[in-house]
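If you want the numbering used here, it's the position in the sequence shown, counting the first as 1, plus 51. We put the CB at the ideal spot given by N, CA and C, even for glycine. No experiment lies behind these values; they were computed from the predicted model shown.
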Amino acid sequence: MELIELFKYLINSKSETPNDGGILNFMEDYLEGFSAIRIDVEDVKNLFIYKKFGEGEHLCFAGHVDVVPAGDGWDSDPYIATQKDGYIYGRGAQDMKSGVAAFTQALKEATAFRGTLSLLLTSDEEGDAINGTVKVLEYLKEKEMLPDVCVVAEPTCEENFGDAIKVGRRGSINGYITIKGKQGHAAYPEKAINPIHQIAQVLGEMAGVDLDNGDEYFAPSKFVVTDIRAGMQVTNVTPNELKMMFNVRNNTKTTQKEVRAFVEKYLKDFDYELRLTQGSYPFKTNTDTKLVKNIDAAIEKVTNRVPKHSTAGGTSDARFIAAFGIDVIEFGVKNDTIHSVNERTTLKEVQELHQVFKILIEEWR
52 MELIELFKYL INSKSETPND GGILNFMEDY LEGFSAIRID VEDVKNLFIY
102 KKFGEGEHLC FAGHVDVVPA GDGWDSDPYI ATQKDGYIYG RGAQDMKSGV
152 AAFTQALKEA TAFRGTLSLL LTSDEEGDAI NGTVKVLEYL KEKEMLPDVC
202 VVAEPTCEEN FGDAIKVGRR GSINGYITIK GKQGHAAYPE KAINPIHQIA
252 QVLGEMAGVD LDNGDEYFAP SKFVVTDIRA GMQVTNVTPN ELKMMFNVRN
302 NTKTTQKEVR AFVEKYLKDF DYELRLTQGS YPFKTNTDTK LVKNIDAAIE
352 KVTNRVPKHS TAGGTSDARF IAAFGIDVIE FGVKNDTIHS VNERTTLKEV
402 QELHQVFKIL IEEWR
């Protein structure tokens, strides 16, 4: 099976989270000569497959085979790879079956490496991500098999293929505020405590505010209000309480401590409760490491572009990998149609991504 045939096969294998569409069983057979370990947890499918070529470092390629639901309005069947005008259309074309096809084919074609090559796949990245990559890493740590370095083939490029890699990601702090008031008749506001009026006094000082100045790699951590609700949908009763949700995509300068202090600064005169949860923690891979230098060189060799080192965007399973002390970067095709109707990527990008990964393997020093 050649690269594009493999890519189309993956798209045709319907694998909405947490289903893997049979892809992991296929991978075990496809990567002949590699040793496979299945670490399935409940309804989540996980595969770690590896081959030791010699003594040396352990380079892992990681990704997910699950996709978000297709939704309505597609011009073609989202679960039949459709080739048209140099593009391949289908759910997962960018996120991230193109990356999975590229590194799987690169591993299949590898004949030599100074160390161990491996592949880590899960069917639980687009979902809760509880029983996926992190469970595999816990198993590998217990068995003393953790990789030294890892490439996650998420779509990273912005305007042109090869223009960006991810060398880190922001964290995500979720906040839930309840402001307690006193319900009353709208005609007698002096007898009530209206939490809507209270938040209105300070909301302009909170919403969209930067909590730090960022740095060379990270944008400022911003306080983003995502939901406000109160009342009983009537015009003559003021509400008893107001609930507000917010999110802070935090860099390494802002933690829950700073977020809590920020909220207290503006709500200290009100009766309120605050609950914070940490969806993920920020991380940054040193750009002077062998992994970053080698992937940069491989990208430049294929595309004649020097990629910028970015930490923008949402989260990925790279956050779990970094937490185990593994140098990790992300590199994949252009990111402009992920999760959308008519998701697509170009044949050329998939082919060039495969070439980048082949060079990374062949010229690893």
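Continuous alpha helix (DSSP H) stretch holding residue i: start and end
i, result
"residue 80", "74-81"
"residue 86", "Taken as a continuous stretch (DSSP letters only), residue 86 belongs to no alpha helix (DSSP H), being part of the beta strand (DSSP E) at 86-89."
"residue 347", "341-354"
"residue 185", "184-193"
"residue 134", "No alpha helix (DSSP H) holds residue 134; the beta strand (DSSP E) holding it covers 133-135."
"residue 159", "148-160"
"residue 59", "54-63"
Helix, strand or coil at residue i according to DSSP, with G and I counted as helix
i, result
"residue 326", "strand"
"residue 307", "helix"
"residue 223", "strand"
"residue 114", "strand"
"residue 293", "strand"
"residue 255", "helix"
"residue 370", "helix"
"residue 409", "helix"
"residue 401", "helix"
"residue 269", "coil"
"residue 298", "strand"
"residue 375", "coil"
"residue 176", "coil"
"residue 312", "helix"
"residue 109", "strand"
"residue 248", "helix"
"residue 67", "strand"
"residue 233", "strand"
"residue 319", "coil"
Cα-Cα separation, residue i to residue j
i, j, result
"residue 376", "residue 246", "45 Å"
"residue 431", "residue 257", "Outside the displayed range of the chain (52 to 416) lies residue 431, so it cannot be described from this structure."
"residue 319", "residue 230", "11 Å"
"residue 163", "residue 204", "21 Å"
"residue 340", "residue 199", "11 Å"
"residue 90", "residue 222", "27 Å"
"residue 211", "residue 300", "26 Å"
"residue 362", "residue 151", "21 Å"
"residue 259", "residue 276", "7 Å"
"residue 125", "residue 388", "12 Å"
"residue 284", "residue 252", "22 Å"
"residue 393", "residue 127", "8 Å"
"residue 85", "residue 313", "52 Å"
Beta-carbon separation (whole angstroms), residue i vs residue j, contact threshold 8 Å
i, j, result
"residue 335", "residue 303", "7 Å"
"residue 142", "residue 118", "5 Å"
"residue 28", "residue 218", "One cannot answer for residue 28 here, as it falls past the ends of the chain, which runs 52 to 416."
"residue 296", "residue 226", "7 Å"
"residue 168", "residue 104", "7 Å"
"residue 79", "residue 61", "With 8 Å as the limit, residue 79 and residue 61 do not qualify as a contact, their Cβ atoms being about 15 Å apart."
"residue 416", "residue 140", "The pair is not a contact, with the Cβ atoms about 39 Å apart (cut-off 8 Å)."
Delimiting residues of the beta strand (DSSP E) encompassing residue i
i, result
"residue 99", "97-103"
"residue 380", "378-381"
"residue 170", "166-173"
"residue 138", "138-140"
"residue 275", "274-281"
"residue 361", "359-361"
"residue 217", "215-217"
"residue 201", "200-203"
> Should the stretch 176-185 be called in touch with the stretch 344-360, which here means at least 3 C-beta pairs below 8 Å?
Replying inline: no
> Given 8 Å as the limit, is there contact between the stretch 365-381 and the stretch 392-404, that is, 3 or more CB pairs closer than that?
Replying inline: Taking 8 Å as the limit for Cβ pairs, the verdict is that the stretch 392-404 does not touch the stretch 365-381.
>> With three or more C-beta pairs closer than 8 Å as the rule, is the stretch 306-316 touching the stretch 337-353?
In response: no
> Would you call the stretch 180-194 and the stretch 153-160 in contact, with 3 or more CB pairs under 8 Å?
Replying inline: Result no; under three Cβ-Cβ pairs closer than 8 Å.
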